[in-house]
Structure formats: structure tokens, C-alpha cells
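J.: Mind having a look at this structure? Questions to follow.
This is the structure we're talking about:
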């Protein structure tokens with residue numbers, strides 16, 4: 001209606017018309033509606049982020065902590081951590097850890113989601129209930145239980161493996177060797193992460209049109225080819241989001257390793273989050289800890305930026 | 001519409017009530033409560049002393065509550081740091097004597113007047129030193145502890161060990177006898193319970209052989225765990241890990257509590273503090289039936305006639321600088337370090353903070369071995385950065401690598417020494 005009225009007027013008045021209260025109001029309305037949420041996010045996330053970045057450029061030890069004021073040192077913290085051999089070891093270890101965890105989580109989660117499509121209704125309910133129970137368990141409780149399961153002296157894992165005559169694991173210390181230690185931690189994290197992936201992928205699979213799948217099956221395609229050529233491209237946006245989220249979560253893993261190792265992990269078990277915590281709270285160098293945290297944020301931002309740019313640019317994801 | 005208005009009115013009333021009681025609650029709590037952080041050793045070992053102190057304090061200040069919160073050694077400093085910033089630091093805090101220097105140097109405590117405290121003229125010299133910085137007093141000595149070997153007299157007798165060992169070599173040989181007698185039948189038996197992260201005992205061996213954790217020369221610290229004497233000692237420690245103990249190589253002496261493991265019966269001896277002897281005999285957690293067969297002796301040195309130096313551990317009580325109840329906090333500390341309370345603490349197996357009560361320990365057969373062991377002692381490098389070395393788990397890391405065989409003794413010691421050098425010299 002407005003455009004018909006506008007076209008009957010000469011050019012000058014039409015330009016003035018563009019900024020009437022109504023049109024301006026309509027243009028600003030989305031921003032006004034977003035403002036409360038954006039302010040809340042800005043305050044809750046933005047302010048601590050600003051403080052973190054500021055602290056990463058300061059010397060902030062216990063002395064400064066008590067006086068609530070740091071001392072500006074420019075990029076000295078960054079230079080210090082980038083020259084520290086341990087930082088690169090920890091970064092490499094965290095990347096490897098993230099890759100393994102995300103791969104296992106996505107593969108197993110998708111596999112279980114596909115399974116849910118095939119089984120009977122009652123089994124589906126049983127599996128979903130199990131997944132939801134795992135998902136709803138508080139992390140600390142779960143870690144404590146796993147810790148008891150792999151306990152050195154009394155753990156049920158050692159007892160079961162010995163009883164089944166697979167290996168003699170009596171008094172086997174799972175954490176003496178970091179590889180087996182991380183295997184336990186990976187199992188714990190993948191176990192806890194699968195429910196979310198499975199339930200989300202299952203919901204997405206329900207959106208795949210049955211006719212496409214049936215058509216592909218009639219054309220003689222094997223199940224794996226159907227999955228690869230039909231299901232996967234349709235699910236790609238969901239997979240991208242889930243993978244990005246999993247990367248962000250697994251890169252920052254802290255609680256499981258920290259509690260599993262009795263709050264004092266040895267340096268072989270350091271991941272980036274634990275390393276940052278260690279620098280900050282254990283040796284009271286909050287400036288160094290902040291700089292490690294900023295590096296972590298940048299890293300994760302870059303990792304997900306690649307996918308996000310693709311998705312926004314092309315409109316469909318490859 | 002009316003129902004909706006009613007609901008809104010009820011909600012508003014509830015919020016108003018909650019708001020007033022909440023604010024009323026906090027303003028009352030500030031004047032009427034002090035928060036005390038003690039370590040869980042006090043909870044396990046001498047709860048009567050804590051109760052006595054709180055009763056004395058309550059008699060003095062009837063309208064003030066005492067909230068004693070027990071902390072664990074692994075996390076209390078992080079909580080304290082967070083409390084200092086967040087404004088909910090306690091009014092009284094117990095800190096280990098190795099941790100005091102870092103916090104005193106950073107200005108975390110209020111300075112105190114020595115003459116206000118009981119027995120201040122007879123405080124143990126070593127403990128008093130850990131409370132002073134730049135000529136001022138920032139803490140009150142609480143108690144000291146020395147470690148000795150707590151052992152099973154019946155197992156020693158059955159294995160043919162006629163008397164307690166007089167040299168370290170004899171101790172190792174006796175350990176082998178115990179392993180031969182009990183360790184072959186029972187895969188979980190340990191002649192000495194020695195978990196991988198138990199650095200207090202491992203460093204005692206290092207100091208016995210003449211090694212040191214670090215030395216200071218020309219104003220700079222240098223880690224010396226890779227000196228020949230220290231390496232010799234660490235090789236002995238490795239031998240003990242391999243052949244005399246079946247304890248986990250990745251846990252420490254508090255998780256699980258070694259006294260309780262000893263009480264389960266599969267351990268011949270362990271190196272523990274005085275309070276761990278009665279703790280092993282605890283009714284609920286330990287085994288009271290072992291009372292007649294448990295004894296203690298100071299760990300012998302590798303040089304005949306001396307004892308292996310024991311870590312002179314101890315704790316001090318301090319008043320954080322953020323407190324609003326300084327005089328109340330000081331009164332509680334006075335009650336807790338009074339002669340009566342310190343006697344309770346000494347009865348539990350510790351060394352009280354005053355030389356007046358030393359005779360108390362010497363005459364008690366359950367406490368005498370620990371008092372004798374205190375004759376030879378060692379202490380950590382007195383640097384404000386030492387607490388950071390402890391928090392960085394440098395020593396535990398090194399010992400776990402040695403115990404699990406993941407690094408050679410020399411490589412692990414080199415790595416630990418360079419880390420110690422770096423951490424102790426930060427900010428220098």
C-alpha cells in the first residue's frame with residue numbers, strides 16, 4: 001500500500017518519505033527487540049571477555065590480585081607462552097585429544113541415531129530413555145563413578161577384565177601410562193557426549209523424505225551408498241553445527257580430567273584448559289593464564305570460522 | 001483477570017518477604033559470625049581441640065557464631081585466592097608453613113602483635129620463623145609434625161626381624177624379608193606403603209644422602225635434584241618403588257589415607273605423622289583391634305647412629321587482610337592456641353607450638369618416636385615462590401615418572417630441577 005502511494009509522488013518527496021516515522025520505526029523494530037538480549041549477552045559475556053583480554057596484557061600475580069590492579073606489560077605474556085616448549089606440547093596434545101573425541105562422538109552418535117530408525121518402538125523408547133539418563137547425570141557425579149570403576153585396588157573394570165581372562169589387570173593402574181589414562185577419559189567424554197548428538201541427528205533424520213530413500217533403494221543403491229549420497233548431503237548443516245559444537249566443547253575439557261586425577265594432574269595430562277587453570281590458580285600467574293585462554297578462544301574461533309564462512313557464503317554447505 | 005492479579009500479588013509479596021529476610025540475614029551474619037578454615041587433618045585427628053576452642057570463644061562472645069569449614073590441602077589455596085578477590089575469604093585461615101611465605105610477601109594477611117597470644121615467648125623457633133616477614137608477624141604457630149615409621153610389630157616378628165633397623169640399609173633388608181614372608185602369597189602386600197606422589201618421604205631420602213631441593217647463591221635459586229647425591233638417593237627411592245611396595249604409583253599419601261590402608265592389614269609399615277597412628281586405630285574408619293601390635297620408630301639414616309631427616313611440617317593460623325572481624329578472629333586464634341587446646345592437639349600425636357609442651361610428647365610412648373625423629377629435619381627452600389613449586393606438582397611429577405619407569409631417574413631429576421629453578425626465580 002505504501003509503495004503505491006509513494007510512486008504517485010515526484011522524486012524529491014519520495015526520498016523524504018523513506019524516512020517517515022513509520023518506515024524508520026519498522027526498520028528499527030528488529031534492533032529494538034534484539035536490544036535486551038544483546039545487552040544481557042554483552043554484559044554477561046562481553047565484559048568478562050574484555051577483562052580477560054586486558055588481563056592477558058598485564059602482570060597479574062598474587063600481589064596484584066590482592067590489590068585488584070594489574071601492571072601493564074604489553075605482549076610479554078604472549079611472548080612467554082609462545083616460547084614455552086610446554087605450551088606447544090599441550091596445544092598438540094589438546095588438538096589430538098579433540099580430534100579423537102569429536103570423531104568418535106560423531107561417528108558413534110550418528111550410528112546410534114541410524115540404529116534408532118531401524119529398531120522397534122519399544123526398543124527405541126528404551127534406548128532413548130537410557131540416553132536421556134546419561135545426558136541428565138551431573139558431570140561430577142559421572143566422573144566420580146567412572147573413577148571408582150577404574151580404581152587401582154577395587155575397581156570393577158580391573159576385576160571384570162581379569163575374570164573374563166582377557167588380561168590380568170589386578171592392581172592395574174590405568175593412569176600410570178597417559179595413553180591408557182586418556183583412553184579412560186575419552187571413553188567417559190564420548191559416553192557423555194553421545195546422547196546429545198544422537199537425539200539431534202535422530203530428529204534431523206526424521207526430516208529426510210522417505211521417498212528419496214525409497215527411490216535410491218529401488219535404483220539398486222546399497223545402504224552405505226544411500227547414506228553417503230542421499231542422507232549425508234541433506235544432514236550436512238546439522239553435522240556442521242554439531243561438529244563445531246563438539247570441537248568447542250572437547251577443546252575446553254577440564255572437569256573430567258581434573259576430578260579423575262584428584263585435582264592434581266601430572267603434566268602429562270595437561271590440556272589447554274587445565275594448563276590455563278594451572279598457570280592462573282596454581283602458580284598464581286593470572287596474566288599468563290589469561291593469555292593462554294585468549295589463544296584458546298582465537299583457536300576455536302578460527303576452527304569454526306572456516307565452516308561458518310562457507311555456510312553463509314554459498315547458502316548450502318559442502 | 002482477577003485470578004491473574006491475585007497471582008501477581010502473591011508473587012510480589014513472596015519476593016518482598018524474601019528480599020527483606022535475605023538482606024536482614026546478611027547484615028546479621030556479618031556482625032554475628034566468623035568463618036574459620038582449617039584443614040581436614042584437624043577434623044580427622046583432633047576435633048576435641050576445635051570444639052574446645054569454639055566453646056571458649058562462645059563463652060567470651062555469646063552472640064557470635066563460629067563456622068569452621070574444613071578444607072583439603074589440594075584445593076584450599078585456590079579457594080583462598082578466589083575468596084580474596086570475591087570478598088568471601090575467611091576470618092581465620094590455616095596455612096601450611098611452606099605456603100606462608102608466598103602469601104605474606106603478597107600482603108595477604110593482617111599483621112599481628114605477638115604479645116597478644118598465649119605462650120608467645122616459648123613458640124617453637126622453626127614455626128615462628130615461618131610466620132614472620134620483613135620483621136613483622138603475620139601468623140600464629142599452630143602445630144608441627146615430624147614423620148616416623150609406623151609399623152606392625154607382629155609382622156616384623158613373624159618375618160624374623162628381631163629389632164627395629166638401625167640403618168637405612170638394614171631397613172631395606174628388613175623390607176625384603178617382609179616381602180618374602182607376606183608379599184609372595186598376597187599380591188597386594190607392601191612392606192612399606194609408599195605411593196608414587198609421596199614427596200615428603202622421598203625428599204627425606206634425598207636430604208639424608210646430602211642432596212637438596214634447591215640452593216641459593218648470588219641472589220638466585222638453582223634446583224639441585226640432579227646433583228650426584230640427590231641422584232643416588234632417588235635411585236634408592238626407585239628401588240623401594242619397585243621391590244618394597246605395591247601402592248599405586250599415581251596417588252599420594254592422602255588419597256587414600258595411608259593410615260587407613262595400613263589398618264586394612266596388608267601393609268608392614270608406613271612413614272606417617274604422629275596423628276596417623278591413632279587414626280589407623282579409629283573405631284569407624286580404622287581397625288581398633290590392631291592397637292597392641294602397632295609401634296613406631298624414627299627412620300634410620302644411611303649413616304649409622306643418625307636418623308633420616310624428617311620434613312618439619314607444620315601449620316600456622318593467619319588473619320586475611322580482607323576480614324571485617326579482626327579482633328574476633330584474633331580471639332578465636334587465642335582460644336585455639338591456648339595451652340589447653342594445644343595439649344589436645346599434642347595428645348593427638350602432634351608437636352605443640354610451644355616448648356612448654358615438648359616434655360608432654362617425650363614422656364608419652366606413642367609420641368616419643370616422633371619427637372625424637374624431629375631432632376634431624378629438613379625444610380623446603382624459603383622462597384616466596386616455593387608454594388608455586390608445590391602447586392605446579394613438580395616433585396610429584398618427577399616421582400611418578402621415576403616410579404612408573406616412564407623416564408630415567410636422571411632425566412626426571414633434570415627436568416624437575418630446571419622447572420624448580422625457573423619457578424623459584426620468577427619475578428626475581
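Protein chains in written order, with the numbering used here: chain R, 1 to 318; chain X, 1 to 428. The beta-carbon is built from N, C-alpha and C at its ideal position, and this holds for glycine as well.
Please decide whether residue 88 of chain X counts as near chain R, where near means a Cβ-Cβ distance under 8 Å.
T.: Residue 88 of chain X sits at position 88 when you count from the first residue of the second chain. No, residue 88 of chain X does not count as interfacial toward chain R.
J.: List the residues of chain X that residue 278 of chain R touches, going by C-beta distances under 9 Å, in chain order.
T.: Here residue 278 of chain R refers to the residue found at position 278 of the first chain. 391, 392, 393, listed in chain order.
J.: Is residue 423 of chain X close to chain R, meaning its C-beta is less than 8 Å from at least one C-beta of that chain?
T.: Counting from 1 along the second chain, the entry for residue 423 of chain X is found at position 423. True, the Cβ-Cβ gap to chain R drops below 8 Å.
J.: Shorter than 8 Å from the beta carbon of residue 5 of chain R to some beta carbon of chain X?
T.: In the first chain, the residue the question calls residue 5 of chain R occupies position 5. Because residue 5 of chain R sits at a pLDDT of 49, beneath the cut-off of 50, its placement in the model cannot be relied upon, and the point is left open.
J.: Let me check understanding here. Comparing Cα to Cα, which of R/163, R/144, R/196 lies closest to residue 242 of chain R?
T.: Reading the first chain from its first residue, position 242 is the one you call residue 242 of chain R. Nearest of R/163, R/144, R/196 to residue 242 of chain R, Cα basis: R/196.
J.: Does any residue of chain X have a CB that is nearer than 8 Å to the CB of residue 262 of chain R?
T.: Numbered from 1 along the first chain, position 262 holds the residue referred to as residue 262 of chain R. So, interface residue.
J.: Following a CB-centred definition, is residue 232 of chain R positioned closer than 7 Å to any heavy atom of the ligand MN?
T.: In the structure on display, the ligand MN does not appear, and there are no ligands present to speak of.
J.: Can you name the start and end residues of the beta strand (DSSP E) that residue 192 of chain X belongs to?
T.: Here residue 192 of chain X refers to the residue found at position 192 when the second chain is read from its first residue. Run containing residue 192 of chain X: none; DSSP gives neither H nor E here.
J.: Using the beta-carbon count (16 or more within 10 Å), is residue 160 of chain X buried or exposed?
T.: The residue you call residue 160 of chain X lines up with position 160 of the second chain. It counts as exposed.
J.: Which of helix, strand or coil does DSSP assign to residue 353 of chain X?
T.: As a working mapping, residue 353 of chain X is identified with position 353 in the second chain. Correct three-state label for residue 353 of chain X: coil.
J.: Pick helix, strand or coil for residue 371 of chain X, following the three-state DSSP scheme.
T.: Within the second chain, residue 371 of chain X is the residue found at index 371, counting from 1. Of the three classes helix, strand and coil, the one that applies to residue 371 of chain X here is helix, per DSSP.
J.: Please give the ranges of any alpha helix (DSSP H) in the stretch 104-186 of chain R, keeping only runs that are unbroken, at least 4 residues long and fully inside the region.
T.: As far as the stretch 104-186 of chain R is concerned, its whole alpha helix (DSSP H) runs of at least 4 residues are 121-136, 139-149, 156-163.
J.: So, helix, strand or coil for residue 86 of chain X, using DSSP?
T.: Stepping through the second chain from its first residue, residue 86 of chain X is reached at position 86. Correct three-state label for residue 86 of chain X: helix.
J.: Whose Cβ in chain R lies nearer than 9 Å to the Cβ of residue 216 of chain X?
T.: Position 216 of the second chain, counted from the first residue, corresponds to residue 216 of chain X. Per Cβ cutoff of 9 Å: no residues; residue 216 of chain X is ~19 Å from chain R at best.
J.: Using CA atoms only, rank isn't needed, just tell me which of X/138, X/164, X/266 is closest to residue 190 of chain X.
T.: What you label residue 190 of chain X is simply residue 190 of the second chain in a count that begins at 1. Considering only alpha carbons, the answer is X/266.
J.: Under the three-state reduction of DSSP, which class applies to residue 217 of chain X: helix, strand or coil?
T.: Position 217 of the second chain, counted from the start, is the residue given in the question as residue 217 of chain X. Reduced to three states, the DSSP call for residue 217 of chain X is strand.
J.: Compare the C-beta of residue 244 of chain R with all C-beta atoms of chain X and state if any pair is closer than 8 Å.
T.: Within the first chain, numbered from 1, the residue matching residue 244 of chain R stands at position 244. False, the Cβ-Cβ gap to chain X never drops below 8 Å.
J.: Quick one: which chain X residues come within Cβ less than 7 Å of residue 175 of chain R?
T.: As a first step, residue 175 of chain R must be located in the first chain, where it is residue number 175. Under the 7 Å cutoff, chain X gives 250.
J.: Would the stretch 203-216 of chain X and the stretch 304-316 of chain X be scored as touching if the rule is three or more Cβ pairs under 8 Å?
T.: They touch, by the three-pair rule.
J.: Any chance the stretch 72-86 of chain R sits against the stretch 155-164 of chain R, with 3 or more Cβ pairs inside 8 Å?
T.: Cβ pair count under 8 Å is below three, so no.
J.: Find the nearest neighbour of residue 191 of chain R within the set R/146, R/170, R/157, judged by alpha-carbon distance.
T.: Along the first chain, one-based indexing puts residue 191 of chain R at 191. The option with the nearest alpha carbon to residue 191 of chain R is R/146.
J.: So, is the C-beta of residue 106 of chain X closer than 8 Å to a C-beta in chain R?
T.: The sequence position of residue 106 of chain X within the second chain is 106, counting from 1. So, interface residue.
J.: Enumerate in chain order the residues of its own chain whose CB-to-CB distance from residue 258 of chain R is below 7 Å, with the five nearest sequence positions on each side excluded.
T.: Locating residue 258 of chain R in the first chain gives position 258, where the first residue counts as 1. Contacts found: 265, 274.
J.: What are the residues of the stretch 67-87 of chain X that lie near chain R, defined by any Cβ-Cβ distance shorter than 7 Å?
T.: Listed by position, the residues of the stretch 67-87 of chain X near chain R (Cβ gap below 7 Å) are 74, 75, 78, 81, 84, 85.
J.: Taking CB distances under 8 Å as the criterion, tell me whether residue 102 of chain X reaches chain R.
T.: Locating residue 102 of chain X in the second chain gives position 102, where the first residue counts as 1. Interface residue, yes.
J.: Assuming the contact rule is C-beta atoms closer than 8 Å, residue 335 of chain X and residue 57 of chain X should be a hit. Round their C-beta distance to whole Å, please.
T.: Looking up residue 335 of chain X in the second chain gives position 335. Looking up residue 57 of chain X in the second chain gives position 57. Right, the Cβ-Cβ distance comes to about 5 Å (below 8 Å), so this counts as a contact.
J.: Between which two residues does the alpha helix (DSSP H) holding residue 33 of chain X run?
T.: If you number the second chain from 1, residue 33 of chain X lands on position 33. Looking at the DSSP string, residue 33 of chain X is not in any alpha helix (DSSP H); the run it does join, the beta strand (DSSP E), is 33-39.
J.: Apart from the five residues just before and just after residue 54 of chain X, which ones in its own chain have a Cβ nearer than 6 Å to its Cβ?
T.: Sequence index remark: in the second chain, residue 54 of chain X carries index 54 (1-based). Hits under 6 Å: 66.
J.: Just to confirm before moving on: does the CB-CB distance between residue 143 of chain X and residue 333 of chain X stay below 8 Å?
T.: As a working note, residue 143 of chain X is residue 143 in the second chain. As a working note, residue 333 of chain X is residue 333 in the second chain. No, Cβ-Cβ distance for residue 143 of chain X and residue 333 of chain X is not below 8 Å.
J.: Which residue comes first and which comes last in the beta strand (DSSP E) that contains residue 315 of chain X?
T.: One-based indexing of the second chain puts residue 315 of chain X at position 315. Note, residue 315 of chain X: beta strand (DSSP E), 313-318.
J.: Counting only beta-carbon separations shorter than 8 Å, does residue 397 of chain X have a partner in chain R?
T.: For the purposes of this step, residue 397 of chain X is identified with residue 397 of the second chain, where counting begins at 1. Yes - at least one Cβ of chain R is within 8 Å of the one on residue 397 of chain X.
J.: Taking 6 Å as the limit between beta carbons, can you name the residues of its chain near residue 388 of chain X, skipping five residues before and five after?
T.: Residue 388 of chain X sits at position 388 when you count from the first residue of the second chain. So the list reads 423, once near-sequence residues are dropped.
J.: Identify whether residue 308 of chain R lies in helix, strand or coil by the three-state DSSP scheme.
T.: By one-based count along the first chain, residue 308 of chain R stands at place 308. In the structure shown, residue 308 of chain R sits in a helix (DSSP, three-state: H, G or I).
J.: Using a Cβ-Cβ cut-off of less than 8 Å, give me the residues of the stretch 56-71 of chain R that come near chain X, in sequence order.
T.: Listed by position along the chain: 61, 62, 63, 65, 66, 67, 68.
J.: Whole angstroms are fine: how far does the CA of residue 155 of chain X sit from the CA of residue 243 of chain X?
T.: Here residue 243 of chain X refers to the residue found at position 243 of the second chain. Here residue 155 of chain X refers to the residue found at position 155 of the second chain. Distance between the alpha carbons of residue 243 of chain X and residue 155 of chain X is about 18 Å.
J.: Are the CB atoms of residue 252 of chain X and residue 43 of chain X within a distance shorter than 8 Å?
T.: Here residue 43 of chain X refers to the residue found at position 43 of the second chain. Here residue 252 of chain X refers to the residue found at position 252 of the second chain. Cβ atoms of residue 43 of chain X and residue 252 of chain X: not closer than 8 Å.
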